[in-house]
Amino acid sequence: MRSTGSGFPVLEAFELSNGLIAVRLDAENGVFDVRDGDGDTVVSDAAFGVVLTDGSPLSSRGLSMRLVSANQPVDDALGGGLGMTAEVDIRNGLSLSVTVTLYDAAPSVVIDGDLHNETPEPARVARFDVLQGARLNLASSGETWRFYKQGWQSWSPTLLLECSGEDVPMAPSVIAPSTQPEARAGRFVSDLMTAVFSPECGRSIVAGFVTTGDQMSQIWLDREAQTLAAWSYADGITVPPGGKMRSERLLIEPTRAPLEAMERYGDALGRAMHGRPSADIATGWCSWYQYWQGVSEEAVLANLEELSRKGRYALAVEYVQIDDGWQADIGDWLGVNGKFPHGLRWLVERIHEAGFKAGLWLAPFLIGKKSRLWKEHPEWAVQYKPGKPFIAMQNWGQDCYALDLTRPEVIEWLKFVFRTVCEEWGFDYVKIDFIYAGAVDGMRCDAEVTRAQAYRRGLEAIREAVGERFVLGCGNPMGASVGLVNGARISPDIAPFWKPRGRSDDPQRKRMSEPSALNAIRNTMTRWWMHGRLWQNDPDCLLVRSEETALTEDEVRTLATVIAMSGGMVADSDDLARLSDERRQWLSMLLPPSGKAARPIDLFESDVSRLLELDCGSHRMLAVFNWGDAIARIEAPLPAGRFEVFDAWSHDYLGVREGCLPFELPPHGCRLIALRLSATEENEASRELPKLFRWPGFERERS
């Protein structure tokens, strides 16, 4: 250690450790390393940096850093621990500070930093490189690695990629972040977080941002260089003379158990951003996938009558949700069309009288070109260039523009709309759709607000207006929504067909965001770690009908199994009067939801997991899937021990088994089995499980 005229010591090296993970700062060269609990260096030569809007890169790499604080006690939303901060002068009054924090009993490190501007001129920041050029030491070739790709918003595909191949393009643009540098061979990008896994050595790195309120974020893997980079986007916001700007906080965990580490990351993100998980999982009926935009007062009342039926296959759901098709136009949310002659307040009263809560769909961050709102307030739209409104999507036979959520009058209008919907009309639940429009990359009234900040201003206005009523986000950027929604769609739209319509081949995998049962299932499995940590996962609706569908019986049962194993929201979207008793029974068997998300235990082995496992306390549920188009023989590995085995769908007792269970599965089919150690007895907690998960012989009806 040596000193400088600033009074701060210049370090040659400094190490911070909590016994589970250690960070070594090479202050002479402005980089740091991360060691795991075994003492192995798994991340090395990592720097911190900033990129200005003129393209100028600023980096700590190759520069001497000075210590500001070391072993500084920390106590925040993530817990107690120790931190250290070092600074480095970059050029002409611009400096960077980097803070590293280790939390007690946590095998992870959290990194963030600031840009300080002591120049006489403002500095405009494009992004923070919170992790820059960090080499991953996974003891194997990068071509053997597996990369977990997390999509930007609800409908964006989230899946596992083999690094021997190429990344999946995020098209169309509505599912991709606006800031998307040109991709190149061997480079993979994930939004918010990722996991990189080496099958050869069993090591993994889980990395993700745990604060998300100010900047959108991405993580990049370079296969050939074997490096990881983590960016949080400042979107050109100005740092004035004498001011500073902070990056989002990045968590890094080296691990040999990536599924558990991803869940710990979800816990940290939920705590830092005040997630809204709840043990009371929302259930209901939704009009969309049966009636589409033709929904009417008559159709809602008919299904309300069916929901009120008592008896063996009664459906104990909470909400009746009116989806798209009730409104006067996109943006004209206080007008109701002619298919609802008595108005929505009258209909809500009927829903309440029947003992249910009422839900309503809106697309609040869109302005339709045909709407009255657009005619009165064209200035309320985000612009992609002066005088040109930003088209966030084309639907309903018109261009739909993105609402500028930095305008105070827009925020007041949003509050008025949602207060009317909830307080005057009486709705208990709102589904807000296409809300990525609040985060598009365009010109806003307030140019000193990032996309993430603008988006959250809109959500905060809605939350203020609705109070503690249930808010379901759909088409929502994942990270920026945490803490403001109760539930979040985590998949593309379901559909009454297995694969996207049209061309059957998709060699570049560009259609994974399109509506289909398979696309919805994939994301429901891969985003399991969000449920109960950030919000309630919404896997989209269950479709159990046997008419007006191209789904086979096996495909319907597979969809039902995945939704049940997700532990998330359960909403049916069928004409209930036309369901057979058998299909109605299938729906009833998913109630009440377990609230627990099953792990995709083979996540890092296949494109779509074939195995889901859920611990139910006294027994376990194991789901086995065949995603192929032909009959397949699949051997399902069992946990250690001898288990009694019961088939949940067929109600067959399969005896006492150990090792593995062989199944012959039809195309797109599944088996759902319950496993119980032979000496285990049922417990009272089983009463709270879905009927599908309850061990036979246990008293199923609640007292």
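Counting in the working numbering, the sequence shown runs from 1196 upward without gaps. Positions of the beta carbon are idealized from the N, C-alpha and C atoms, including for glycine. The model shown is predicted, which means the values in this text are computed figures rather than measured ones.
Rounded to a whole number of angstroms, what is the C-alpha to C-alpha distance between residue i and residue j?
i	j	result
Glu1513	Gly1697	36 Å
Cys1617	Gly1554	10 Å
Glu1268	Phe1227	Here the sequence assigns Pro to residue 1268, which means Glu is not the residue at that position. Those two C-alpha atoms are separated by around 20 Å.
Ala1477	Pro1436	49 Å
Thr1280	Ala1208	13 Å
Lys1626	Cys1669	7 Å
Thr1296	Ala1242	16 Å
Leu1167	Gly1244	Absent from the model: residue 1167. The displayed extent of the chain is 1196 to 1898, so no value can be given.
Pro1453	Ser1351	22 Å
Leu1333	Leu1598	45 Å
Pro1687	Asp1847	34 Å
Ser1264	Val1391	32 Å
Phe1838	Leu1849	10 Å
Leu1273	Arg1752	40 Å
Ser1789	Ser1212	39 Å
Arg1256	Asp1240	9 Å
Ile1586	Gln1593	10 Å
Candidates the options: which alpha carbon is nearest residue i's?
i	options	result
Gly1461	Gly1854, Gly1727, Ala1755	Gly1727
Arg1614	Gly1662, Gly1670, Ala1712	Gly1662
Asp1802	Ser1255, Asp1527, Leu1654, Phe1342	Phe1342
Ile1414	Trp1350, Trp1723, Leu1326, Ser1336	Leu1326
Met1725	Arg1567, Leu1860, Ala1792	Ala1792
Val1495	Leu1600, Val1434, Pro1581, Ala1772	Ala1772
Ala1463	Val1304, Ser1292, Ile1689, Glu1313	Val1304
Arg1717	Asp1701, Asp1770, Lys1694	Lys1694
Phe1799	Gly1763, Thr1721, Gly1854	Thr1721
Asn1498	Ser1212, Leu1809, Asp1770	Asp1770
Leu1247	Arg1286, Gly1674, Leu1502	Arg1286
Gly1836	Ser1873, Glu1808, Ala1217, Arg1664	Ser1873
Leu1215	Gly1225, Pro1449, Val1757	Pro1449
Gly1637	Cys1396, Tyr1596, Phe1665, Leu1654	Tyr1596
Leu1510	Val1765, Trp1844, Phe1838, Thr1645	Val1765
Ile1306	Asp1628, Ala1217, Asp1767	Ala1217
Phe1535	Phe1611, Ser1259, Asp1749, Trp1521	Trp1521
Arg1441	Gln1410, Ile1447, Gln1421	Gln1410
Val1851	Pro1862, Arg1866, Leu1833, Leu1867	Leu1833
Leu1561	Phe1551, Val1819, Pro1573	Pro1573
Apart from the five residues just before and just after residue i, which ones in its own chain have a Cβ nearer than 7 Å to its Cβ?
i	result
Arg1778	Val1739, Arg1740, Ser1741
Thr1406	Glu1443, Arg1444, Ala1467, Met1468
Trp1620	Leu1539, Arg1540, Val1543
Ser1566	Asp1524, Ile1525, Gly1526, Asp1527
Glu1357	Arg1341
Leu1782	Leu1510, Leu1737, Val1739, Asp1767
Looking at the structure shown, is residue i part of a helix, part of a strand, or coil, going by DSSP?
i	result
Ala1843	coil
Met1725	helix
Val1677	coil
Leu1798	helix
Thr1747	coil
Gly1762	coil
Lys1705	coil
Ser1254	strand
Arg1507	coil
Ala1755	helix
Phe1692	coil
Lys1552	strand
Ala1587	strand
Met1457	helix
Asp1249	coil
Ile1630	helix
Ser1290	strand
Leu1884	coil
Glu1210	strand
Asn1718	helix
Keeping to the same chain, check which residues put their C-beta closer than 8 Å to that of residue i; ignore five residues upstream and five downstream.
i	result
Trp1426	Arg1322, Phe1323, Asp1324, Val1325, Ser1412, Gln1413, Ile1414, Trp1415
Go through its chain and collect everything with a Cβ distance to residue i's Cβ below 6 Å, but skip five positions before and after it.
i	result
Val1384	Gln1413, Trp1415
Gly1438	Asn1312
Val1680	Val1666, Gly1668, Trp1730
Ala1660	Lys1610, Phe1613, Arg1614
Val1490	Ser1482, Gly1520
Gly1381	Arg1418, Glu1419
Quick check: does the Cβ of residue i come within less than 7 Å of any heavy atom belonging to the ligand FMN?
i	result
Ser1473	Ligands in the displayed structure: none, and consequently the ligand FMN is not present.
- Task: Specify whether the segment 1730 to 1747 and the segment 1824 to 1836 touch according to this definition: at least 3 beta carbon pairs, one from each stretch, less than 8 Å apart.
- Result: no
- So does the segment 1575 to 1583 actually touch the segment 1669 to 1681, counting three or more Cβ pairs closer than 8 Å? no
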